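Asker: Questions regarding the structure given below will be posed in turn.
Pasting the structure below:
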């Protein structure tokens, strides 16, 4: 328990430090509050407008106060700020796009795991045989391939040559129309899934190879437990450690990849909106965006930490003792 | 083998000594032969790393000497054949323009080769800065432990909490504005903004790996020996620990170069990088994929092969030095 509390406080500190630095980076370089207000709004303001902006966000105080003001609004009012360029609160800007990105991330992880687990288990079981070597080569290439390159190649094959999918994406959700959703989301999801599946496979295979050499596996086989059961139950459960960590650490990379993939396939999601906001210097929106992303990353990492104990009782014990 | 034929052994069967030694020698010769073969085989690098090194050498040679090589056109003058401008993707891949021409009539091959300069320079210099800063942070954190370690670890955690690409696009865009407000940042071109941003991305993973390695190294006997001889911390860090970190740093640098080059491509693709970049070419031509696949596919291929080459070399080094962190 002490460990988790410590970890929680550490991650809270990370969240505060990162969001504060982001605020400073977003707002630095303005000599006075009026200029800052104009920069944040992205257009010329009347004195009354700029005064109201300054008052709402205490722009005339130092960064520390501005940060406290921002944090107070976020925590007590769930107020992410206002995007003057779109004339919308940031939350309203994000809401219609949230599901695109969540679905893409979900597909990448679910299908990534569905591909990775059988592949890695079979590779580890047939270690150094042809299947394993082919799998290693394929995952090595897939891990390294840049997202844009993979996306363009997939587009070339499936959109230009086979004409299976539309060339411009449209965010249609599964609860609206399942087949149209599939047509629009399949390629972006595949572009995200391939590297994720490859990384998971490599991690799980490495762990699994180690596990299958342990004494308890030999014992289980000697006892007459059928090989399938030895590998899938005894072996897999004890090899999940790196995989679970990777689901947490890959999240950041996945969000980065989503930014690319949404732009490449013209899907209207959080990632493509982030690029638009960054390019148009919509500072409020970018700041809130990054804060949300950091929050998600931090929370997922905390969950991953907690789930170690569920997977492996030895960790629970070691942490309890340490 | 040898103790069987030991001549000083009084119990050895003297009658058969000759035969035994002869056979033993033969066996030993076989063994040596096998070992030599193994060594020789090992000296020939695997296909992957050979491919990577060859590709990078060729690319580097072409891009450095591009101005002097007759078969590479200029990247900034449109192709004209019989006085006619080859714009609007007129030329496909062929003898006149190896990789075709793009929308403005520029030679895709020439552009791919010339732009490798920027990509490689950005990758190399940001890796160098990343190694310098990240390595120093990691060494200090891993060696001194305690509060120093805490502070640096939190810093690294913070850098890792923002997804790399999000941090990159945010920083590059903000540096555009910030450099206008601070006159001492006048030297900063787009290129330096990207180098600075990418090196910040490289710091955190490097610091992490170097810290872990330093923590293991500081417990080793030679560090203890140096310390008991009265060496200062600085001397131990630079003379005892740093040389042992070189393999790790080289390995991580090779893999990291691939990642940073991919990130540079991504930045340019999103419109936040250089316009003289493969990523920018991909973005500029991707809507015409149907009409002119060559203008998009060849820059993609260059980006892919360059990243792959660095990954192959990094993977080989990681195996050679047995560094697990860099392997995945």
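Residue numbers (the numbering used here), protein chains in the order written: chain U, 379 to 700; chain A, 126 to 453. Just so you know, even glycine gets a beta-carbon here, dropped at the ideal spot from N, CA and C. Keep in mind that this is a model prediction, so the values were computed, not measured.
(1) Do residue 517(U) and residue 580(U) have their C-beta atoms closer together than 8 Å?
(2) Spatial neighbours of residue 320(A) within its chain, please: C-beta separation below 8 Å, excluding the five flanking residues on both sides.
(3) Strictly below 7 Å CB to CB, what residues from chain U border residue 328(A)?
(4) Hey, is residue 630(U)'s beta-carbon within less than 8 Å of any beta-carbon in chain A?
(5) When the Cα atoms are used, what is the spatial distance from residue 620(U) to residue 524(U)?
(6) Out of curiosity, what's the CA-to-CA distance linking residue 438(A) and residue 245(A)?
(7) Roughly how many angstroms separate the alpha carbons of residue 642(U) and residue 239(A), rounded to a whole number?
(8) Would you check if there are 3 or more beta carbon pairs closer than 8 Å linking the region 281-290 of chain A to the region 395-402 of chain U?
(9) At which residue ranges does the region 310-386 of chain A contain complete alpha helix (DSSP H) runs of 4 or more residues, listed in the order of the chain?
(10) So, under 8 Å CB-CB, residue 431(U) and residue 419(U) are touching, yes? Tell me the CB distance rounded to an integer number of Å.
(11) For a contact meaning CB atoms closer than 8 Å, what does residue 418(A) contact in chain U?
(12) Heavy atom of the ligand FAD less than 7 Å from the Cβ of residue 500(U), yes or no?
(13) Looking at the C-beta of residue 573(U), does it have a partner C-beta in chain A at a distance below 8 Å?
(14) Assuming residue 289(A) and residue 407(U) form a contact by the criterion Cβ under 8 Å, report the distance between their Cβ atoms to the nearest whole angstrom.
(15) List the residues of chain U that residue 414(A) touches, going by C-beta distances under 9 Å, in chain order.
(16) How many Å lie between residue 352(A) and residue 358(A) at the Cα?
(17) Mind the definition here: the region 461-481 of chain U touches the region 645-656 of chain U only if three or more C-beta pairs lie below 8 Å; say whether that holds.
(18) Could you tell me the boundaries of the alpha helix (DSSP H) in which residue 593(U) lies?
(19) Classify residue 467(U) as helix, strand or coil using the three-state DSSP reduction.
(20) State buried or exposed for residue 588(U), treating a residue as buried only when at least 16 other CB atoms are found within 10 Å of its CB.
(21) Could you name the residues of chain A that residue 402(U) contacts, counting a contact when the two beta carbons are closer than 9 Å?
(22) Can you tell me where the alpha helix (DSSP H) holding residue 183(A) begins and where it ends?
(23) Locate the alpha helix (DSSP H) running through residue 517(U), then write down its first and last residues.
(24) For the region 501-529 of chain U, which residues have a beta carbon sitting closer than 8 Å to at least one beta carbon of chain A?
(25) Give me the Cβ distance between residue 260(A) and residue 331(A), rounded to the nearest whole Å; I'm assuming they're in contact under 8 Å.
(26) Would you list the one or two residues that DSSP bridges to residue 210(A)?
(27) Residues of chain U with CB closer than 8 Å to the CB of residue 436(A), please, in chain order.
(28) If we count the other Cβ atoms within 10 Å of its Cβ and call it buried at 16 or more, is residue 666(U) buried or exposed?
(29) If the cut is a Cβ gap below 7 Å, which residues of chain U does residue 421(A) touch?
(30) At a CB distance below 9 Å, what residues from the region 455-473 of chain U approach chain A? Give them in sequence order.
(31) Thinking C-beta only, is residue 386(A) closer than 8 Å to residue 429(A)?
(32) Output, in chain order, the set of chain A residues within a Cβ distance shorter than 7 Å of residue 406(U).
(33) Please report how far the alpha carbon of residue 682(U) lies from the alpha carbon of residue 603(U), in whole angstroms.
(34) What residues from chain A crowd round residue 634(U), counting only those whose CB sits closer than 7 Å?
(35) Please classify residue 463(U): is it buried, with 16 or more other beta-carbons within 10 angstroms of its beta-carbon, or exposed?
(36) Listed in chain order, which residues of the region 673-691 of chain U have Cβ atoms closer than 7 Å to some Cβ of chain A?
Answerer: According to the structure shown:
(1) By one-based count along the first chain, residue 517(U) stands at place 139. By one-based count along the first chain, residue 580(U) stands at place 202. In this structure, residue 580(U) lies closer than 8 Å to residue 517(U) by Cβ.
(2) By 1-based counting over the second chain, the position of residue 320(A) is 195. Spatial neighbours of residue 320(A) in its own chain (CB-CB distance under 8 Å, excluding positions within 5 residues in sequence) are listed in chain order as 247, 250, 251 and 254.
(3) By 1-based counting over the second chain, the position of residue 328(A) is 203. Residues of chain U passing the Cβ test: none, with the nearest at roughly 14 Å.
(4) In the first chain, counting from the first residue as 1, residue 630(U) sits at position 252. At least one chain A Cβ lies under 8 Å of residue 630(U).
(5) In the first chain, the residue the question calls residue 620(U) occupies position 242. In the first chain, the residue the question calls residue 524(U) occupies position 146. Going from the Cα of residue 620(U) to the Cα of residue 524(U) covers about 23 Å.
(6) Taking the first residue of the second chain as 1, we reach residue 438(A) at position 313. Taking the first residue of the second chain as 1, we reach residue 245(A) at position 120. Taking C-alpha positions only, residue 438(A) is separated from residue 245(A) by approximately 15 Å.
(7) Position 264 of the first chain holds residue 642(U). Position 114 of the second chain holds residue 239(A). Near 25 Å, if we compare the C-alpha coordinates of residue 239(A) and residue 642(U).
(8) yes
(9) 315-342 and 346-353
(10) Along the first chain, one-based indexing puts residue 431(U) at 53. Along the first chain, one-based indexing puts residue 419(U) at 41. Between residue 419(U) and residue 431(U) the Cβ distance is about 7 Å, and since that is below 8 Å, they are a contact.
(11) The residue labelled residue 418(A) in the question sits at position 293 within the second chain. Under the 8 Å cutoff, chain U gives 534 and 538.
(12) What this structure holds is no ligand at all, so the ligand FAD is not there to describe.
(13) On the first chain, residue 573(U) is found 195 positions in, with the first residue counted as 1. So, not an interface residue.
(14) For this step, residue 289(A) is matched to residue 164 along the second chain. For this step, residue 407(U) is matched to residue 29 along the first chain. Not confirmed; about 24 Å, so no contact.
(15) Position 289 of the second chain, counted from the start, is the residue given in the question as residue 414(A). The answer, in chain order, is 530, 533, 534, 537, 538 and 545.
(16) For the purposes of this step, residue 352(A) is taken as residue 227 along the second chain, with counting starting at 1. For the purposes of this step, residue 358(A) is taken as residue 233 along the second chain, with counting starting at 1. Put simply, the backbone Cα of residue 352(A) is about 8 Å away from that of residue 358(A).
(17) Output reads yes: the region 645-656 of chain U touches the region 461-481 of chain U.
(18) In the first chain, residue 593(U) corresponds to position 215, counting from 1. Start and end: 593-601.
(19) In the first chain, counting from the first residue as 1, residue 467(U) sits at position 89. Strand.
(20) For the purposes of this step, residue 588(U) is taken as residue 210 along the first chain, with counting starting at 1. So residue 588(U) ends up on the exposed side.
(21) The residue you call residue 402(U) lines up with position 24 of the first chain. Ordered by position in chain A, no residue passes the 9 Å Cβ test against residue 402(U), which lies about 10 Å from the chain.
(22) Looking up residue 183(A) in the second chain gives position 58. 172-189 is the extent of the alpha helix (DSSP H) around residue 183(A).
(23) Position 139 of the first chain, counted from the first residue, corresponds to residue 517(U). From DSSP, the alpha helix (DSSP H) with residue 517(U) extends over 508-522.
(24) 518, 519, 521, 522, 523, 524, 525, 526 and 527
(25) For the purposes of this step, residue 260(A) is identified with residue 135 of the second chain, where counting begins at 1. For the purposes of this step, residue 331(A) is identified with residue 206 of the second chain, where counting begins at 1. Confirmed, about 6 Å.
(26) By one-based count along the second chain, residue 210(A) stands at place 85. In the DSSP output, where bridge partners are listed per residue, residue 210(A) has 205(A).
(27) Counting from 1 along the second chain, the entry for residue 436(A) is found at position 311. Residues of chain U passing the Cβ test: 518, 521 and 522.
(28) As a first step, residue 666(U) is located in the first chain; it is residue number 288 there, counting from the start. Burial call: buried.
(29) Position 296 of the second chain, counted from the first residue, corresponds to residue 421(A). 530, listed in chain order.
(30) none
(31) In the second chain, the residue the question calls residue 429(A) occupies position 304. In the second chain, the residue the question calls residue 386(A) occupies position 261. Not a contact, by the Cβ cut-off of 8 Å.
(32) Counting from 1 along the first chain, the entry for residue 406(U) is found at position 28. Simply 303.
(33) The sequence position of residue 682(U) within the first chain is 304, counting from 1. The sequence position of residue 603(U) within the first chain is 225, counting from 1. Distance between the alpha carbons of residue 682(U) and residue 603(U) is about 31 Å.
(34) Here residue 634(U) corresponds to residue number 256 of the first chain, with the count starting at 1. 288, 289, 290 and 291, listed in chain order.
(35) Taking the first residue of the first chain as position 1, residue 463(U) is located at position 85. Residue 463(U) is buried by the Cβ-count criterion.
(36) 675 and 676
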